[in-house]
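Chains as they are written, first to last, in UniProt numbering: chain H, 1 to 271; chain D, 1 to 271; chain Z, 1 to 294.
For each residue, glycine too, the CB sits at the ideal point set by N, CA and C.
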Amino acid sequence: MFRNNYDNDSVTFSPQGRIFQVEYAAEAVKQGSVVVGIASKTHAVLVAIKRNAEELSSYQKKLFPIDEHVGIAIAGLTSDARVLSNFMKQQCLGHRLTYGRNMPVRTLVDMIGSKAQINTQHYGKRPYGVGLLVAGVDETGPHLFEFQPSGMTEEMVAFAIGARSQMARTYLEKNLESFAACGREELIRHGLRALKESLVQDRELTVDNTSVGVTGTATAKDGSTSVEPFQVFDQQDVAAWIESVADDKEAGAGEGEAAAAAEGEGMEVDP
Amino acid sequence: MDHRPQAWGRPRDDVYGAYDASYLHTNGPKTATQSPIVTGTSVIALKFKDGVVMAADNLASYGSLARFTDVKRLRPFLSTSVVGFGGDVSDMQFLDRHLTELAIDEAYEHDNTSSSSETPATAGQLNAANLHKYLSKLMYRRRNSFDPLWNQILVAGFDSSSTPFLASVDLRGTTFTSPSLASGFGAMLAQPIMRRHAATEEDAAKLTRDEAVAIVRECMKVLFYRDARSLDKYSIAVVTRDGVELSEEEQLEKQSWAFAERIRGYGTQTV
Amino acid sequence: MTSIGTGYDLANSIFSPDGRNFQVEYAVKAVENGGTSIGIRCKDGVVLAVEKVVTSKLLKAGANKRIATIDRHLGIVYSGMIPDGRHFIDRARDEARAWRDTFKTPIPTADLASRMGGYMQAYTLYQSVRPFGITAIIGGFDSTSEAPVDGEVGAGPSCGAGGKVPGKTYGGPFLYMVEPSGLYWGYYGAATGKGRQAAKAELEKLDLGGPAGPSLTLEQAVKEAARIIYVSHDDSKDKEFELEMTWISGADGPTKGLHREVPKELREEAERLAKKALEDDEDDEDEEEEKMEE
Numbered sequence: 001m002f003r004n005n006y007d008n009d010s011v012t013f014s015p016q017g018r019i020f021q022v023e024y025a026a027e028a029v030k031q032g033s034v035v036v037g038i039a040s041k042t043h044a045v046l047v048a049i050k051r052n053a054e055e056l057s058s059y060q061k062k063l064f065p066i067d068e069h070v071g072i073a074i075a076g077l078t079s080d081a082r083v084l085s086n087f088m089k090q091q092c093l094g095h096r097l098t099y100g101r102n103m104p105v106r107t108l109v110d111m112i113g114s115k116a117q118i119n120t121q122h123y124g125k126r127p128y129g130v131g132l133l134v135a136g137v138d139e140t141g142p143h144l145f146e147f148q149p150s151g152m153t154e155e156m157v158a159f160a161i162g163a164r165s166q167m168a169r170t171y172l173e174k175n176l177e178s179f180a181a182c183g184r185e186e187l188i189r190h191g192l193r194a195l196k197e198s199l200v201q202d203r204e205l206t207v208d209n210t211s212v213g214v215t216g217t218a219t220a221k222d223g224s225t226s227v228e229p230f231q232v233f234d235q236q237d238v239a240a241w242i243e244s245v246a247d248d249k250e251a252g253a254g255e256g257e258a259a260a261a262a263e264g265e266g267m268e269v270d271p
Numbered sequence: 001m002d003h004r005p006q007a008w009g010r011p012r013d014d015v016y017g018a019y020d021a022s023y024l025h026t027n028g029p030k031t032a033t034q035s036p037i038v039t040g041t042s043v044i045a046l047k048f049k050d051g052v053v054m055a056a057d058n059l060a061s062y063g064s065l066a067r068f069t070d071v072k073r074l075r076p077f078l079s080t081s082v083v084g085f086g087g088d089v090s091d092m093q094f095l096d097r098h099l100t101e102l103a104i105d106e107a108y109e110h111d112n113t114s115s116s117s118e119t120p121a122t123a124g125q126l127n128a129a130n131l132h133k134y135l136s137k138l139m140y141r142r143r144n145s146f147d148p149l150w151n152q153i154l155v156a157g158f159d160s161s162s163t164p165f166l167a168s169v170d171l172r173g174t175t176f177t178s179p180s181l182a183s184g185f186g187a188m189l190a191q192p193i194m195r196r197h198a199a200t201e202e203d204a205a206k207l208t209r210d211e212a213v214a215i216v217r218e219c220m221k222v223l224f225y226r227d228a229r230s231l232d233k234y235s236i237a238v239v240t241r242d243g244v245e246l247s248e249e250e251q252l253e254k255q256s257w258a259f260a261e262r263i264r265g266y267g268t269q270t271v
Numbered sequence: 001m002t003s004i005g006t007g008y009d010l011a012n013s014i015f016s017p018d019g020r021n022f023q024v025e026y027a028v029k030a031v032e033n034g035g036t037s038i039g040i041r042c043k044d045g046v047v048l049a050v051e052k053v054v055t056s057k058l059l060k061a062g063a064n065k066r067i068a069t070i071d072r073h074l075g076i077v078y079s080g081m082i083p084d085g086r087h088f089i090d091r092a093r094d095e096a097r098a099w100r101d102t103f104k105t106p107i108p109t110a111d112l113a114s115r116m117g118g119y120m121q122a123y124t125l126y127q128s129v130r131p132f133g134i135t136a137i138i139g140g141f142d143s144t145s146e147a148p149v150d151g152e153v154g155a156g157p158s159c160g161a162g163g164k165v166p167g168k169t170y171g172g173p174f175l176y177m178v179e180p181s182g183l184y185w186g187y188y189g190a191a192t193g194k195g196r197q198a199a200k201a202e203l204e205k206l207d208l209g210g211p212a213g214p215s216l217t218l219e220q221a222v223k224e225a226a227r228i229i230y231v232s233h234d235d236s237k238d239k240e241f242e243l244e245m246t247w248i249s250g251a252d253g254p255t256k257g258l259h260r261e262v263p264k265e266l267r268e269e270a271e272r273l274a275k276k277a278l279e280d281d282e283d284d285e286d287e288e289e290e291k292m293e294e
C-alpha cells in the first residue's frame, strides 16, 4: 500500500532524515491551480487562475482578504486554507483591538508557520495540504510571503505556487530586477504575464478564470501615507488588465520558453 | 454529648449556647484590591512642537508617611515613548515588568541595527498610541475582573503619523487625551497652569521645548508647595523624534517658604 | 545503518536490541543536510553565524533571518529543519519569559541550555511525537555586574544578591549546543550542519580554550566566524549563500550586553577578508601543486 515503511505518518523520519508525509503534503499544493504574487516598493499584488469543476459550475475562489492590509492566495486543499484564513483573520482582528494598528505581516505569517509545524511533529495530526502566498502592507512597507505545508515561511520578492508554477517562476526570475520600481498597474501586468506562462496549451486568461488582488501604500499630496486596503478584483474589473497583456502573449510566451530551454532548466512540469 | 471530631475542644452548645458560626465565614463577595497601599502622587505632562515633556516626583508614600524618596515613576519604552505612573507602586512595578516583557517581544522582530532595513529603525515598532491602546485594554480587563491595577497612567510619545501623542488611562480603563494632562492632585493644581499656556492642540504646537520644560518645572514647584504627598526631588522626561531624555535626579531650586510663616500650623507651635 | 528493515527504526522512543534509538539518529541526518551554523565564545563575547543557502533567486535578500533573539542577552542559531527551529525558538522565548516571571531576573545562558536540552529530550521519549530535526547553538552573555532585579524601587538594596564571594567574577560569555537527542554541552567553539567537519577543524585552530582563557577578541571572532562559514561552504554542491551573523558583548562592549545583528559595515569587512583568505589559500595550494610537479 505504501511506497515505503517511513511514509505512514508525520512522526517518522526516513533514514535520510526526511519526513515523507510532509513532502506528500507539498505535492497537494501542486495540484492546485497556479497563483502568483509580486511585491514592489509601494504595492503587493496577487493574481490567480480559478478553476471550475465543470462547464456549468462556478469557479473556486483563490484570493481572500484577511484584514484591511493583508490578503492571501491559495493553492491546494481549499478547506485547509479556510482554517488558516479564519485563524489569520482572528489574529489580525485581535491585534487591531489590543494595539490599534495593522498587524505586522511577518508576525502574522510566523503564527501560521508555528501552527503548521505542530502538525508535522505529532502523531494523529497531518500537515496542512495547502500553500499560501501572503501579500500585505505594514509600517515597514509592502511584503510578500510564501507559506508551505511544512510550516516554512519565507519572504519573497515575487513567487508562484500551484500547478505548472515553474514557468511563472522562470518569468519572475527573468524580470526580478524590475519589480521594485514598478507602479501598481505595471506590477499587476507582470503578475498576469507570469500567470500566462503557466497556462496549459490553448487556455487563456478570461474574465471568468482570472482574479487580481492588490494592496499597497498610497501617498497623499501632503506626503502622508496610508494603506490602500486589500481588494480582490474579478469579472469585468479585470477585463482591462487582461486586455492590456493580450498583445504580448506570443512574444512573452515564446521568449520565456526559449530562455528556459537555453538555460536547460526550469522546464520541470508539475504532475 | 456531641462526640464528632469537629466539636472537639469547642464550648458545649447545651452549656454555652450555639457557637456563632458567622465568625467562621465572612459573608460578602470575594474581594481583591480595595485601595492602594504605597502610592505615588501626581504625574504631569505637556505637549510641545516637537514632542512631549513629562514629570513626576520621586516619592512613594505609605499613607501620609513619606516612605521611599528615590522611586522612579517615569519609564521609557523602546526609547520612543515614556510611561508615567501615579497610584499604587507595587502595581506600577508589576506593569514595569510587564512592559519589559512587551519590549523584549518587540525586539524579536525588530533589530534596529538590521542591515537590510531601508525604513527608519523605529518603523513597525509599537508607538506610544499603540502602547496606550494596549494599556487601556489591560486596565479595563482588570477592572472588569474586579481586580484593578490601582494606577493612573500617562503615555507620551508619537503616533503612527509621527505627531506628538499624549494620553492617559486610569484604574477603570477610562482613557483621555489632551495637549496637557495631569493625574491626582496635579489635575487640580497643575492642569490650570498648563492650560493657560496650551489650551488647545494648536497652542501646544507653538510651544518650544524650553518653554514646555519651564512650564512643567513651574508646575512641579506649585505641586510641591500645595500637595502634602509630594517631594522636591523629581524626574523629568522629554520625548522627541530623536528619542527619550530622562533625568531622574532633579531638585526643585529656589524654594521660598516665607509665605508659610503667616500660616497657622507651620513650624514649631508656640501657642 | 545495518538495522534498517528490522523494524526498530520505524517509531520514535523504540530501543533496538543494541540500545539505539534510530529515529533520533535519523533526525541527526536532517541536521546534517542543513546549512552550517557556528558559534564562537571568545574573550569578551559570543558570535553566532549561519550559512543560508539561497534556494531561490526570488527570495528577498536579507529579509529572512535565521538567528533569533531569545531574551535581551541571548541568541540562538540552528541547522536542520527550519520550521522545527522556529518551534524551538518559540519555546526558548517562553522559557526565558517564565524565568523572568518567577525570578525577576534574566535567565542565565546555562539554565536556558538546560531547559531546552530537557525539552528536546522529551521529544525522544514518546511514540506520539518525533524528535526535533535541528541542532541548536545557544549563545549568551550573562551580566557580570550586580544586575538589578526588575521593578525594584529606587536604588534597591545596597548589599547586592547574597551568596557571592567577594573578588570573584560572575557572568560572562557562554555557548552551548543542543542536539536532537537532548544532549547538550558547553563549547568554546561549536559547529553544526552540512559543513561542520571543516568548520570544527578551523575552530580548533583558534585560541579559544586553555587555562588562561581565550585571547581572541569579539571583533576578531566576527572575522573568524565569517571566514569559517566561507571555508566550510561547499561551492561545488551548493549555489550562492547569504551570511548572517550576530554578536553579544558585555555591558561595556559594542552591543552593551544585548544580542544584536553584526553591523553591516563590519559584516561586509569580515566577508571581504574571508573571501581574500580563501583566495590566498587557493593560491598557496596552486603553488604547492606547481612545486610538486617540479
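DSSP beta-bridge partners of Ser226 of chain H: H:Ala218
In chain Z, which residues lie less than 8 Å from Tyr108 of chain D when you measure between Cβ atoms? Ala68, Thr69, Arg93
Mind checking if Tyr99 of chain H is an interface residue toward chain D, Cβ cutoff 8 Å exclusive? yes
Which value, in whole angstroms, describes the spacing of the CA atoms of Gly37 of chain H and Arg164 of chain H? 15 Å
Quick one: is Gly252 of chain H near chain Z, going by C-beta distance under 8 Å? Only weak support is given to the placement of Gly252 of chain H: the predicted model assigns it a pLDDT of 45, under 50, and the value that follows is read from those uncertain coordinates. Interface flag for Gly252 of chain H against chain Z is unset, since no Cβ pair is found closer than 8 Å.
Short CB-CB distance (under 8 Å) between Gln23 of chain Z and chain H: Taking Cβ atoms only, chain H reaches closer than 8 Å to Gln23 of chain Z, which makes this a yes.
From Asp242 of chain D to Ser58 of chain H, what distance separates their C-alpha atoms? Asp242 of chain D and Ser58 of chain H: Cα-Cα distance of roughly 56 Å.
Which two residues bound the contiguous beta strand (DSSP E) that contains Asp57 of chain D? 51-57
Under a three-way DSSP split, which group does Gly8 of chain D fall into? In the sequence on display, residue 8 of chain D carries Trp and not Gly. If DSSP states are grouped into helix, strand and coil, Trp8 of chain D belongs with coil.
Gly19 of chain Z versus Ala11 of chain Z: straight-line alpha-carbon distance, rounded: 14 Å
Range of the contiguous alpha helix (DSSP H) that encloses Arg196 of chain D: 191-197
For Asn151 of chain D, does the count of other Cβ atoms within 10 angstroms reach 16, so buried, or fall short, so exposed? buried
As an exercise, report each continuous beta strand (DSSP E) stretch of at least 3 residues that is fully enclosed by the stretch 18-47 of chain H, in chain order. For the stretch 18-47 of chain H, the full-length beta strand (DSSP E) segments reaching 3 residues or more read 35-39 along the chain.
Within 8 Å, strictly: CB atoms of Ile38 of chain Z and Ala190 of chain Z: yes
Reducing DSSP to helix, strand and coil, say where Cys92 of chain H ends up. helix
In its own chain, which residues sit with a C-beta less than 7 Å from the C-beta of Ser115 of chain D, not counting the 5 before and 5 after it? At Ser115 of chain D, the pLDDT of 40 sits below 50, so the modelled position is not reliable; the number obtained from the coordinates is stated separately. Cβ-Cβ distances below 7 Å link Ser115 of chain D to nothing in the same chain once the five nearest sequence neighbours on each side are left out.
Do we get a CB-CB distance below 8 Å when we pair Val134 of chain H with the residues of chain D? No - not a single Cβ of chain D is within 8 Å of the one on Val134 of chain H.
Could you name the residues of the same chain whose beta carbon sits closer than 8 Å to that of Arg172 of chain D, not counting the 5 residues immediately before and after it, in chain order? Contacts found: Met139, Tyr140, Arg143, Pro148.
Tell me the residue span of the alpha helix (DSSP H) that contains Met116 of chain Z. Start and end: 109-122.
Considering Cα atoms alone, identify which of D:Thr41, D:Val15, D:Ser162 is closest to Gly184 of chain D. For Gly184 of chain D, the closest of D:Thr41, D:Val15, D:Ser162 by C-alpha to C-alpha distance is D:Thr41.
What are the boundary residues of the alpha helix (DSSP H) that residue 274 of chain H is part of? The structure shown does not extend to residue 274 of chain H, since chain H is modelled only from 1 through 271, so no value can be given for it.
Assuming Val24 of chain Z contacts Ser181 of chain Z under a Cβ cut-off of 8 Å, what Cβ separation, rounded to an integer in Å, is found between them? 5 Å
Going by CA-CA distance only, name the one from Z:Phe174, Z:Ser143, Z:Val178 that's closest to Tyr188 of chain Z. Z:Phe174
Is Glu245 of chain D close to chain Z? Criterion is C-beta to C-beta, closer than 8 Å. no
Within 10 angstroms of its Cβ, does Leu187 of chain H collect 16 or more other Cβ (buried), or is it exposed? buried
If you draw a straight line from the C-alpha of Glu177 of chain H to the C-alpha of Ala26 of chain H, how long is it? 28 Å
Ser37 of chain Z bridges to which residues according to DSSP? Z:Val50, Z:Thr192
How should Tyr89 of chain Z be labelled, buried or exposed, when 16 other C-beta atoms within 10 angstroms of its C-beta is the threshold for buried? Reading off the sequence shown, one finds Ile at residue 89 of chain Z, where the question assumed Tyr. Counting Cβ neighbours within 10 Å, Ile89 of chain Z comes out buried, since at least 16 surround it.
Check whether the Cβ of Pro104 of chain H lies closer than 8 Å to any Cβ atom in chain D. The beta carbon of Pro104 of chain H falls within 8 Å of a beta carbon belonging to chain D, placing the residue at that interface.
Where Asp284 of chain Z sits in the DSSP three-state scheme: Helix, per DSSP.
Whose C-alpha, out of Z:Arg130, Z:Gly195, Z:Tyr170, is nearest the C-alpha of Tyr6 of chain H? Z:Arg130
With a cut-off of 8 Å, does the C-beta of Arg272 of chain Z fall near any C-beta of chain D? no
Below 8 Å on C-beta distance, what does Tyr19 of chain D contact in chain H? Within chain H, no residue comes near Tyr19 of chain D; the closest Cβ sits about 51 Å away, beyond 8 Å.
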